[in-house]
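Residue numbers (my numbering): 360 to 569.
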């Protein structure tokens, strides 16, 4: 299956570089390269785009706002690819529906893998990015979640997700199967209306606010 990609970056050299690298793989079809978030949103509304690679800082409309608009108005999956690992940027992008957050120093093969992963409905978060997110939220004044909404096991799993543990690691620590861990996470997502585990981490660390 060919994955239709949009690349949005205000640096023409980076846009063209990404286009060349990704075009080498017949699995990817670069349908547009644009220089700001507004152009990205407008193109995604008017055309079929599977995954949009978005920089954070762009003129006219930044990548965070573009992520919000793309998620609200299209079926395109936004994947942030940027040099900025500021916790606030990460939090806002994930809050508005970004399916992944990578830094531009990520090797090309891992960027390609991330695109495939996001396209298949999963989320991608570099360890260094997830670490910054957890560290930033963890230093804030701790708020408290309404525990009546969740079982004791669900609260425990949310805490482990917020620590950055994978499903397999959670299952091992709690002496349950990986499938059972996934079922609990699905229940948490259903109760909160969230879409993926990174949003669950933010929700937990933010005291019940996504």
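Positions of the beta carbon are idealized from the N, C-alpha and C atoms, including for glycine.
Note on residue 552: under 16 other CB atoms within 10 angstroms of its CB, so exposed under the neighbour-count rule. Contact annotation: residue 435 and residue 403 have beta-carbon atoms nearer than 7 angstroms. Less than 7 angstroms separates the beta-carbon of residue 390 from that of residue 363. Note on geometry: alpha-carbon atoms of residue 518 and residue 546 lie some 15 angstroms from one another. In this structure residue 541 is exposed. Its beta-carbon is surrounded by fewer than 16 other beta-carbon atoms within 10 angstroms. In the three-state scheme derived from DSSP, where H, G and I count as helix and E and B as strand, residue 552 is classed as coil. Ranked by Cα distance from residue 453, the options 557, 565, 564 and 563 are led by 557. Counting along the chain, residue 397 sits inside the alpha helix (DSSP H) bounded by residues 396–405.
For residue 437, there is no enclosing alpha helix (DSSP H); the residue is found in the beta strand (DSSP E) stretching over 436–441. Residue 411: member of the beta strand (DSSP E) spanning 410–413, first to last residue. Per the C-alpha coordinates, the member of 440, 564 and 539 positioned closest to residue 520 is 564. Under a 10 Å Cβ-count criterion, residue 421 is classified as buried, with 16 or more other Cβ atoms of the shown protein chains found around its own Cβ. Comparing alpha carbon positions, the residue from 477, 383 and 424 closest to residue 398 is 424.
Only exposed fits residue 418, as fewer than 16 other CB atoms lie within 10 angstroms of its CB. Residue 416 has its alpha-carbon roughly 18 angstroms from the corresponding atom of residue 458.
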